[in-house]
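S.K.: Mind having a look at this structure? Questions to follow.
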Amino acid sequence: MRSAIVVFPGSNCDRDVEKALLYMETGPVDMVWHDELDFPEKPDLVILPGGFSYGDYLRSGALAAKSRIMGVVRSHADSGGLVLGICNGFQILTESGILPGALLPNATLRFVCRPSYLRVERNDTPFTCSFPEGEIVQFPIAHHEGLYFLPPDDLEELEKNRRVIFRYADPESGEAGEDYSPNGSLHGIAGIINERGNVLGLMPHPERATVRGLIWGMDGRNVWHSLGEHFNVWEGR
Amino acid sequence: MDYRDAGLSDAEYAKIKELLGRTPNELETSLIGVMWSEHCSYKSTRGLLAAFPQQGKHVAQGPGENAGVVDCGSGWGLAFKVESHNHPSAVAPYQGAATGVGGIIRDILAMGARPVASMDGLFFGPPDSRGQVALASGIVEGIAGYGNAVGVATIGGRTFYDPCFEGNPLVNAFNCGYVRLDSIVSSKTARAGCLVVLLGSKTGRDGIAGASFASKELDENSRESRPQIQIGDPFEEKLLIECCLELHGRGLIASMQDMGAAGILSSSSEIAHKSGVGIEIFCERIPLREEMAPWEIFLSESQERMLLIVNPEKFEPVKAVAERFALECIVIGNIVEGDRYKVFKDGELIADLPHSILGDAPLLDWPSSEPADLAKRRETSVRMKSPDPARDLLKLIGAPHGRERGEIWEQYDCQVQLRTTEGPGAQVSAMTVPESDGLVTLSMEGDPWKCRTAPFTGAAETMAQSLRIQAVSGAEILGMTNCLNFPSPDNPENYYELSECVRGLAAVCADMECPVVSGNVSLYNETPRGGIYPTPLVVTAGLVPHFAYFVRCGCAKEGDVIYLVGPTNGSLGASRWQVLCCEPGAGQSAPRGVTWEYNPSMERDFAVRARTASRKAVVGSARVIAGGGVAVALAKEAIYSGLGMSANLGSLDMTAALFSEGGPRALYFVQPANAEKFSFIWDGYPLMSIGRVGGESLRIDGAIDIGLDELRAAFYFGGLLDFDPKRGERK
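If you read the sequences in order, they're chains A and H. When you line the first sequence up against this note's numbering, it's residues 1 to 237, in that order. When you line the second sequence up against this note's numbering, it's residues 1001 to 1731, in that order.
If you want it as structure tokens, here you go:
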């Protein structure tokens, strides 16, 4: 699996994602600067990492959505290629219209960094196929604008089409929903997928729960494992 | 401009005229004035600081550069430093704190290191008025706003509250970074023929003469000092970090300096002075945001700028890298032979000074006298006996000093860069070392109360405490950095406290072989209502050679034997209990009483045994006795481990056994199977098995029986609000 990580000015989780992918041995990783016209080599997976692209000026993700590389990211997605947007990457995907909705400032109006509990709502996607369905996992969050918003009708449509992939949940009861949103996210939405099922955006950071020996666990590994399985990375090993 | 407006005294001005052999012009006067300010020159403290030991087997770069560097194995060094941003934060909390973080990050960057982790020492007035709460939250948001965006994790810190900090909050920003030991940047490597290059933001009128501002007391007019406050842009700083690291990594620069206090002036004159070369700066080349006079340009503290020294043949590639990061990159001068610091404007020479005059401010020798009431501060009027230990314990763990600070550190990104092994809330913060199994451990300590009642022993206790925490976590000591926060040194009693505190820190550093590799002094922390208590803040760095040796706190297991290592009693003088609980009725009293006497041989003995316990892997969890004594240590361990504890302290003086502080003492939580090995390690040192881990409450025989839920409610919410005891967090 060849991964391309897009680096915008102000991205700060680009190296962390690279670290996680190399740690999981998913294959070659290209770091691609925002004003490139194309990827150095055709990637299987494009990752828009977390951080503060363009300093979050104007609105989180708004400027990055207009950057040159996003044209290529869009055509990669249009041709069915996988795209994963994490945190600021999710904001860039909604700002560029590749995913629906908007990420508004947290209900507390404060930045929040802590472990969050998520319920895996679907395991029939390339990003989640290694998770048992309905599993409760712990991924860290670190954001100021993570309240997922969509008008009621669209939200109903999104739910009907089972496009919510990760939902904030209670680790003990397994219940998920708005009551468990650390940021006020509607329906407890933490991550959604596009209609075609090849673009996933999520606020929590799976790359922060991958490498052994760090705080807040390793539950994020299964995201990389799912992708690796999808592309048969480890076949014959 | 009158020389007095430049902050120079009559004697200093006479000295300048003597050194120059002429009268300095206006620009020269203001340049010297700033470089001779306390903030830039350390003229009041340089003599005192000479007492710090600076050598050690791990030291790769001692004091004198932008930050110190210690060897943390596998070819990597840790650059680290702590710096105050007290005055700016008092006037403009958000920007003051934000630019404090930005400034210290650039200090680390200037060593060629990638900044990886921050910590912050915050000292506030009591959070009981709207003003204080607004000030504190502005400061915390500033730290978060800058640190999170620039992509540097905030992995720990310290928060302290006392009325003496009302109106004069302390913000001490610590940062550290990793650098290959063979590529540490030095300010001694500029050579004649090199270009002087300004990288980053345009220069504007923000923060003009901030260094002089920081060298005065705060008064009712300080709010008018707003123009002296710098404005930060973490986005620009992030680009600057990536750009400078790429330039350095590709060997394109001969040296670099950050621009902190006194901006272009101090960065360029320091490089000339330390490299022993002359420098010429062409004023009109400096990109400006607005029309400015030369003196304003040289003193401006506009943020997010670096000064690079570049060989002419490498300038084109440097410029190309800068352009990729959309950073301005302009040649503003030349390094030349000689010893002159020259400024030109449109071809005219407007300042011409030997750089030594800028770099070597004459020392000030302040008179010192023991505070008249020092003996009285050691006396206690009320009986040191708690009528209700359970109530006092809940008060201590629910007070702002003692309770969980999630509302602060949840605002900090403590994980970015994927190195954090132990984050905020623990006694020691830890992070991985590149290309190695080792961990760097960091501990920040400061105790104004103990330094108030006994400057020498209080400072010694502060330093010793940080080293105990390192030893118990299993770390070898690499080095220390410090920030000395004090009121005006021109008061002989203040100067006495300052010199005694420095002596106290130095004594422990010498005894425990902990070199001091960097530091910062902040004087004039005073408002018309009074000065702050003496507040030396220390940050020690340690190295656990393998992560398997790292001993954590808060992970005791059911059935563990609880050991108290060290004397049963410390001292109640200037303890949390004495200040917060001792006076009948509510309210805080002034710190009083006799503190723990520093005992070097006992400290050394403790450290050796604690490290042995880590290497033999016989410890489940451990916690150094800190604020609130054994009782608070047991309570915190119970809360974090999610388990009850029962203990018998076997003491006649229950108050002292529960709440006394100080001394090399720790709680250890050990599996019964390891108990014998553990006891053997401590054979010959005071050791007492005091109880077992288990149950649903904290029980201390004859004194305390409090359910875990009640403890959690106090610790997480001061006993209030919508707390969910089952999950141990808010609903």
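Yeah, the Cβ is synthetic: ideal placement off N, Cα and C, and Gly gets one too.
If we cut at 8 Å on Cβ distances, does H:Asn-1175 have a partner in chain A?
M.R.: Cβ-Cβ to chain A under 8 Å: no for H:Asn-1175.
S.K.: Just to make sure I have the definition right: I need the residues of chain H whose C-beta is within less than 8 Å of the C-beta of A:Pro-9. Which are they?
M.R.: What A:Pro-9 touches in chain H: Phe-1235, Lys-1238, Leu-1239, Phe-1325 and Ala-1326.
S.K.: Determine the direct distance from the alpha carbon of A:Phe-127 to that of A:Asp-56, and round the result to whole angstroms.
M.R.: Their Cα atoms are separated by approximately 27 Å.
S.K.: Give me the Cα-Cα distance between A:Arg-162 and A:Val-233, rounded to the nearest whole angstrom.
M.R.: Spanning the two alpha carbons is a distance of roughly 28 Å.
S.K.: Would you check if there are 3 or more beta carbon pairs closer than 8 Å linking the segment 1564-1575 of chain H to the segment 1588-1595 of chain H?
M.R.: Counting Cβ pairs under 8 Å, three or more are found: they touch.
S.K.: From this set, A:Leu-104, A:Met-70, A:Phe-149 and A:Asp-170, which residue's C-alpha is nearest A:Tyr-117's C-alpha?
M.R.: Residue A:Asp-170 is the option with its Cα nearest to A:Tyr-117.
S.K.: Taking all protein chains shown into account, decide if H:Gln-1465 is buried (16 or more other Cβ within 10 angstroms of its Cβ) or exposed.
M.R.: Classification for H:Gln-1465: buried.
S.K.: With distances taken from CA atoms, which of H:Ala-1673, H:Ser-1589, H:Ile-1309 and H:Gly-1620 is nearest H:Cys-1164?
M.R.: The residue with the shortest Cα to Cα distance from H:Cys-1164 is H:Ser-1589.
S.K.: Which of the residues in the segment 100-120 of chain A, read from start to end, lie with their CB under 9 Å from any CB of chain H?
M.R.: Correct list: Arg-110, Phe-111, Val-112, Cys-113 and Arg-114.
S.K.: Identify whether H:Arg-1692 lies in helix, strand or coil by the three-state DSSP scheme.
M.R.: Looking at H:Arg-1692 - three-state DSSP - the assignment turns out to be strand.
S.K.: With a threshold of 8 Å between beta carbons, is H:Tyr-947 in contact with chain A?
M.R.: Coverage of chain H is limited to positions 1001 through 1731, which leaves residue 947 of chain H absent and any answer about it impossible.
S.K.: Return helix, strand or coil for A:Phe-231, following the three-state DSSP convention.
M.R.: A:Phe-231 falls in the coil class under three-state DSSP.
S.K.: At which residues does the alpha helix (DSSP H) containing A:Gly-143 begin and terminate?
M.R.: What sits at residue 143 of chain A in the sequence shown is His, not Gly. Careful: A:His-143 lies outside any alpha helix (DSSP H), inside the beta strand (DSSP E) at 136-143.
S.K.: Listed from N- to C-terminal order along the chain, which residues in the segment 1417-1433 of chain H have their beta-carbon within a distance smaller than 8 Å of any beta-carbon of chain A?
M.R.: Those residues of the segment 1417-1433 of chain H that come within reach of chain A (Cβ to Cβ, closer than 8 Å) are Gln-1417, Leu-1418, Arg-1419, Thr-1420, Thr-1421, Glu-1422, Gly-1423 and Thr-1432.
S.K.: In terms of residue numbering, what span does the beta strand (DSSP E) encompassing H:Ile-1281 cover?
M.R.: Run containing H:Ile-1281: 1278-1282, per the beta strand (DSSP E) assignment.
S.K.: Given a threshold of 16 other Cβ atoms within 10 Å of its Cβ, counted over all protein chains shown, does H:Leu-1327 qualify as buried or as exposed?
M.R.: Answer is buried; the Cβ neighbour count reaches 16.
S.K.: Which residue wins for smallest C-alpha separation from H:Leu-1245, given the options H:Gly-1062, H:Ser-1522 and H:Ile-1105?
M.R.: Of the listed residues, the one whose Cα sits closest to H:Leu-1245 is H:Ile-1105.
S.K.: Closer than 9 Å, Cβ to any Cβ of chain A: which residues of the segment 1538-1552 of chain H, in chain order?
M.R.: Within the segment 1538-1552 of chain H, the residues whose Cβ lies closer than 9 Å to some Cβ of chain A are Phe-1547, listed in chain order.
S.K.: In this structure, what does DSSP give as the bridge partners for H:Val-1561?
M.R.: H:Val-1670 and H:Arg-1692, per the DSSP bridge assignment.
S.K.: Please report the distance separating the alpha-carbon of H:Leu-1658 from that of H:Leu-1711.
M.R.: Approximately 16 Å, taken between the alpha carbons.
S.K.: At a Cβ cut of 8 Å, what residues of the segment 1295-1308 of chain H count as close to chain C, listed as they run along the chain?
M.R.: In the structure shown, chain C cannot be found, because the protein chains are A and H.
S.K.: For H:Ser-1571 versus H:Glu-1661, is the C-beta distance shorter than 8 Å?
M.R.: It is a contact, given that the beta carbons lie within the stated cut-off.
S.K.: With a cut-off of 8 Å on the beta carbons, I'd call H:Cys-1553 and H:Tyr-1640 a contact; round off their distance for me.
M.R.: At roughly 7 Å, the Cβ-Cβ gap stays under 8 Å, so H:Cys-1553 and H:Tyr-1640 are in contact.
S.K.: Counting only C-beta atoms, is A:Gly-236 closer than 8 Å to chain H at any point?
M.R.: So, not an interface residue.
S.K.: Evaluate contact between the segment 82-98 of chain A and the segment 61-70 of chain A, counting only Cβ atoms and requiring at least three cross-stretch pairs below 8 Å.
M.R.: Short answer: they touch.
S.K.: Between the beta-carbon of H:Val-1544 and the beta-carbon of H:Thr-1441, is there less than 8 Å?
M.R.: Yes.
S.K.: Helix or strand or just coil, what does DSSP make of H:Trp-1577?
M.R.: Correct three-state label for H:Trp-1577: helix.
S.K.: So which of H:Leu-1252, H:Asp-1560, H:Leu-1649 and H:Asn-1569 has the shortest CA-CA distance to H:Ser-1621?
M.R.: Cα-wise, what sits closest to H:Ser-1621 is H:Asp-1560.
S.K.: Going by C-alpha distance, which of H:Val-1618, H:Tyr-1668, H:Glu-1637 and H:Asp-1490 is nearest H:Lys-1043?
M.R.: Minimum Cα distance to H:Lys-1043 is reached at H:Asp-1490.
S.K.: Run through the DSSP bridge pairs and tell me what H:Thr-1527 is partnered with.
M.R.: Beta-bridge pairing links H:Thr-1527 to H:Gly-1530.
S.K.: Which term fits H:Asn-1520, buried or exposed, when burial requires 16 or more other beta carbons within 10 angstroms of its beta carbon?
M.R.: H:Asn-1520 comes out buried.
S.K.: Throw me the rounded Cβ distance for the H:Arg-1114 and H:Gly-1177 pair, which I believe falls under 8 Å.
M.R.: At roughly 5 Å, the Cβ-Cβ gap stays under 8 Å, so H:Arg-1114 and H:Gly-1177 are in contact.
S.K.: So H:Leu-1478 and H:Pro-1536 are supposed to be a Cβ contact under 8 Å. How far apart are they, rounded?
M.R.: Actually they do not touch by this definition, with Cβ atoms about 19 Å apart.
S.K.: In the segment 1607-1689 of chain H, which residue ranges form an unbroken alpha helix (DSSP H) of at least 4 residues, counting only runs that do not cross its ends?
M.R.: If we require 4 residues or more, the alpha helix (DSSP H) runs fully inside the segment 1607-1689 of chain H come out as 1629-1641, 1654-1659 and 1675-1681.
S.K.: Using 8 Å as the threshold, is the C-beta distance between H:Leu-1048 and H:Val-1502 below it?
M.R.: In this structure, H:Val-1502 lies closer than 8 Å to H:Leu-1048 by Cβ.
S.K.: If distances are taken between C-alpha atoms only, which option among H:Leu-1396, H:Val-1069, H:Ser-1118 and H:Pro-1317 comes closest to H:Val-1179?
M.R.: Residue H:Val-1069 is the option with its Cα nearest to H:Val-1179.
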